[in-house]
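Residue numbers for the sequence shown follow this note's numbering, so the first one is 114 and each next one is one higher.
Glycine is no exception: its CB is placed at the ideal position from the N, C-alpha and C atoms.
It should be emphasised that the depicted structure is a prediction, and the values quoted were computed from it without experimental measurement.
One structure below.
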Amino acid sequence: MYRRVSILMRKHFVSVLVLCVALIASLSVRAADPAKGKALFQQNCASCHNVHKKVTGPALKGVEERWSDKKLLHQWIHNSGSVIAAGDPYAVALFNEYGKQAMPGFPSFSDADIDDILAYIDAESKVDVTAKTDGPTATKGGEDSGNNSLLFGIITLILAIVALILMQINSNLNKLAADKDGLAVSEPVPFYKNKAYIALTILILFVVGGYFTINGAIGLGRQKDYMPEQPIFYSHKVHAGINQISCLYCHAGAEKSKHAMIPSENICMNCHKTITDYNGPELFTAEGKKVNGSAEIQKLFDAVGFDKETKTYTKPGKPIEWTKIHNLPDHVYFNHSQHVVAGKQQCQTCHGAITEMDEVHQFAELSMGWCVNCHRTTKVQFADNKYYSIFEQFHQQVKEGKIDSVTVEMVGGTECQKCHY
Ligand code: HEC
Ligand code: HEC
Ligand code: HEC
Ligand code: HEC
Ligand code: HEC
Ligand code: HEC
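The following block contains the structure:
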């Protein structure tokens with residue numbers, strides 16, 4: 114009797130194991146999702162790229178065929194500068210063709226994110242833009258691959274049901290065999306009362322629930338894409354884009370200190386003493402409301418107490434209360450000059466295509482993973498840099514050709530105390 118029970122248990126154990134493996138496999142098989150890719154593309158790439166036509170950057174139709182190696186293409190999107198620095202001939206030629214304009218990197222993107230974007234580009238590439246029927250075809254291309262995950266789900270469900278049925282048959286057969294031998298068997302337990310199934314269900318709920326709870330908790334206080342309404346509709350596109358004012362003219366701190374800093378009003382007035390009206394291209398808020406540029410400049414004058422008719426300051430000014438967009442928690446240490454001067458990182462890598470934004474929004478996630486991933490993949494200016502002369506071992510290895518570069522991680526960029534007070 115005991116032997117039989119133990120054999121029975123072993124058999125069930127195997128079926129349950131099979132079921133679990135099938136479930137886990139289906140959860141980890143993830144098809145590239147062009148719908149997600151489309152959202153990412155429109156948020157991060159559409160300001161410079163179109164699938165079919167050249168904008169600031171090249172048309173991306175068929176881009177995967179132009180790259181010899183998918184890994185290299187991923188690296189390009191993570192950090193195009195590193196591919197150019199490595200001297201890949203195609204990347205260098207492209208860079209030169211586009212006036213040596215560096216594309217902002219996207220180090221925070223996971224490989225899955227990039228696959229999603231590439232899937233979207235691929236689906237969109239198949240759309241014939243010359244034909245007028247672009248609506249239906251556009252969605253069809255997307256749906257084809259989008260259905261994959263649904264398909265996997267259905268297959269898993271079928272497999273799970275088959276496994277359940279097999280387990281039931283197995284237990285019935287065992288019972289029959291026991292009956293035949295004249296052994297006493299207990300009444301069959303319906304599956305919803307079966308302790309093994311109940312335990313399994315609870316376990317799955319616990320794991321899935323825990324996953325979402327923890328992810329939600331980690332995300333608390335993060336605010337990617339945060340775009341508050343500012344007291345003055347001040348457009349970076351007009352200033353840093355169309356009029357090409359250097360970022361450092363206003364954010365001089367970025368090169369010298371921890372903080373980039375927001376310019377004071379007298380910096381604005383250096384120009385706006387003479388520029389009293391706005392005659393540039395029409396401006397719109399994110400909601401599509403039209404903005405009167407001259408009225409916005411008047412708000413600046415009201416704040417500083419400037420009369421534009423007599424060109425004199427008539428009353429004491431008060432500071433403009435800009436709303437801060439980027440906010441790292443107090444326990445994190447981040448220094449601009451270290452990244453901009455020593456690390457030679459572009460503002461756009463971390464802040465996105467600011468010169469295309471009327472209203473600034475938070476481009477990067479500002480999560481710990483975002484910082485650490487970039488430190489893992491970005492190389493430091495290692496040779497002939499006195500700051501790194503103490504890393505004799507790496508210098509030796511570079512000389513011997515054992516390593517060809519040193520990443521931020523290797524010089525301590527992922528040590529907790531470097532970023533945490
Ligand atoms: C600020 C403008 C800008 C943004 C934003 C931008 N790119 Fe680019 N991209 C460029 C430029 C310019 C080039 C041409 C190469 C160069 O000058 O470095 C390029 C080149 C590329 C290439 C190589 C194209 C080819 O023909 O081989 C790919 C792929 C690419 N970008 C993908 C992306 C993706 C994906 C995103 C969004 C996640 C993105 N880019 C966002 C400007 C941009
Ligand atoms: C003429 C002055 C001026 C120039 C030039 C300028 N900025 Fe700004 N920037 C401001 C002002 C004013 C604010 C605060 C209002 C706002 O957020 O729009 C600001 C805000 C920002 C913010 C958001 C700060 C926060 O609150 O977290 C970032 C990021 C930024 N600028 C980056 C840049 C980059 C990158 C460039 C160059 C491409 C640039 N700025 C050029 C004046 C300027
Ligand atoms: C390596 C990523 C990175 C680079 C490169 C970078 N920034 Fe920042 N920037 C940040 C982070 C992170 C914050 C949030 C800092 C905080 O909350 O303490 C920030 C905040 C800001 C702010 C808000 C005010 C402040 O100082 O906190 C401005 C303005 C700004 N950056 C402008 C710039 C400009 C201009 C450049 C290029 C010269 C630049 N940044 C380059 C990551 C970067
Ligand atoms: C280096 C010169 C310069 C500085 C500094 C400057 N501006 Fe401007 N500003 C311009 C120019 C040029 C225009 C566009 C005028 C046109 O096209 O008719 C403009 C347009 C504007 C407009 C109307 C368009 C829009 O963006 O809504 C506002 C508002 C404005 N500036 C506010 C500011 C504020 C606030 C500051 C300080 C943070 C500032 N400007 C600093 C040169 C400057
Ligand atoms: C775009 C890539 C990039 C991102 C994103 C980035 N860093 Fe860095 N970071 C660098 C580079 C490059 C250096 C090396 C600078 C140098 O050579 O001194 C560096 C260096 C540092 C150092 C000094 C490390 C050392 O060993 O001395 C600290 C601290 C740091 N980063 C903090 C942060 C924090 C905090 C964040 C996120 C809020 C962040 N970084 C995001 C590229 C990045
Ligand atoms: C490159 C910079 C960097 C390094 C290295 C780093 N952290 Fe962080 N850490 C951050 C940033 C940025 C945040 C804020 C994330 C947020 O606001 O979501 C953070 C947040 C945290 C938090 C709060 C929980 C959370 O996710 O918000 C803990 C705990 C933490 N870090 C522990 C560590 C430990 C332990 C190490 C060493 C193994 C470490 N960190 C190394 C940048 C770093």
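Top-ranked residue by Cα proximity to HIS93, from GLN461, PRO202, ASN328 and ILE355: Residue 93 is absent from the model: the chain starts at 114 and stops at 534.
Closest by C-alpha distance to VAL445, when choosing among SER480, ALA455, ALA466 and GLN411: SER480
Would the stretch 304–313 and the stretch 430–440 be scored as touching if the rule is three or more Cβ pairs under 8 Å? no
contact_flag[the stretch 383–390, the stretch 410–429] where n(CB pairs < 8 Å) is 3 or more: yes
Please give me, in chain order, every unbroken run of the alpha helix (DSSP H) with length at least 4 that falls completely inside the stretch 332–394. 360–363, 366–369 and 378–385
Go through its chain and collect everything with a Cβ distance to ILE516's Cβ below 8 Å, but skip five positions before and after it. PHE507 and GLN510
Would you say the beta carbon of CYS532 comes nearer than 8 Å to a heavy atom of ligand 6? yes
Any residue with its C-beta under 6 Å from a non-hydrogen atom of ligand 2 counts. Can you list them all in chain order? GLN343, TYR347, HIS349, HIS352, ALA353, ILE358, CYS360, TYR362, CYS363, HIS364, ILE375, PRO376, TRP435, LYS437, ILE438, HIS439, CYS460, HIS464, ILE467, THR468 and VAL473
Here's the rule I'm using: 16 or more other beta-carbon atoms within 10 Å means buried, otherwise exposed. How should CYS529 be labelled? exposed
Can you pull the DSSP bridge partners for GLY426? A quick correction: the sequence has Tyr, not Gly, at residue 426. Looking at the DSSP assignment, TYR426 forms a beta bridge with PHE419.
With a threshold of 8 Å (Cβ to nearest heavy atom), would LYS386 be considered close to ligand 4? no
Can the beta-carbon of GLY150 be found closer than 9 Å to that of ASP228? yes
Taking only runs that begin and end inside the stretch 294–321, name each unbroken alpha helix (DSSP H) of 4 or more residues, in chain order. none
Taking three-plus beta-carbon pairs below 8 Å as touching, is the stretch 401–417 in contact with the stretch 330–343? no
Kindly examine ligand 3 and report whether one of its heavy atoms sits closer than 8 Å to the Cβ of HIS444. no
Whether GLY482 touches SER195 by CB criterion (9 Å): no
Would you say the beta carbon of GLU378 comes nearer than 8 Å to a heavy atom of ligand 3? no
GLY218 versus ILE315, CYS463 and VAL493, residue with shortest Cα-Cα distance: CYS463
Integer Cβ distance of LYS492 from VAL453, believed to fall under 8 Å: With a Cβ gap of about 16 Å, LYS492 and VAL453 do not count as contacting.
Output needed for TYR534: all residues of its chain with C-beta closer than 7 Å, excluding positions within five of it in sequence on either side, in chain order. HIS444 and TYR446
Measuring CB atoms only, is the stretch 201–214 touching the stretch 161–181, in the sense that at least three cross pairs come out at less than 8 Å? yes
As assigned by DSSP and simplified to three states, the class of LYS499: helix
CA-CA distance, ASP497 and LEU231? 39 Å
Output the distance between the C-alpha atoms of VAL524 and CYS484, rounded to the nearest integer angstrom. 15 Å
Give every residue of the same chain whose Cβ lies closer than 7 Å to the Cβ of HIS439, excluding the five residues on either side of it in the sequence, and list them in chain order. GLN475 and LEU479
Within the stretch 160–203, ranges of the alpha helix (DSSP H) (whole runs, at least 4 residues): 176–179, 183–191 and 193–198
Pair within 9 Å by beta-carbon distance, TYR102 and LEU153: In the structure as shown, the chain starts at 114 and stops at 534, and residue 102 therefore has no counterpart that could be examined.
At a cut-off of 8 Å, would you count GLY200 as near ligand 1, judging by its Cβ distance to the nearest heavy atom? no
Could you have a look at VAL445 and say whether DSSP puts it in helix, strand or coil? strand
Please name the residue, chosen from TYR426, LYS512, GLY526 and SER377, that lies closest to GLN451 on a Cα-to-Cα basis. GLY526
Considering only the beta carbon of each residue, do LEU173 and HIS162 sit closer than 9 Å? yes
Using DSSP bridges, identify the partner residues of THR520. LYS492
Burial state of HIS191, where buried means 16 or more other Cβ atoms lie within 10 Å: buried
Considering only the beta carbon of each residue, do ALA477 and GLY465 sit closer than 9 Å? yes
Taking a contact to mean a Cβ-Cβ separation below 9 Å, would you say GLN459 touches ALA199 in this structure? no
Under the assumption that SER407 contacts TYR391 (Cβ atoms under 8 Å), give the Cβ distance between them as a whole number of angstroms. 5 Å
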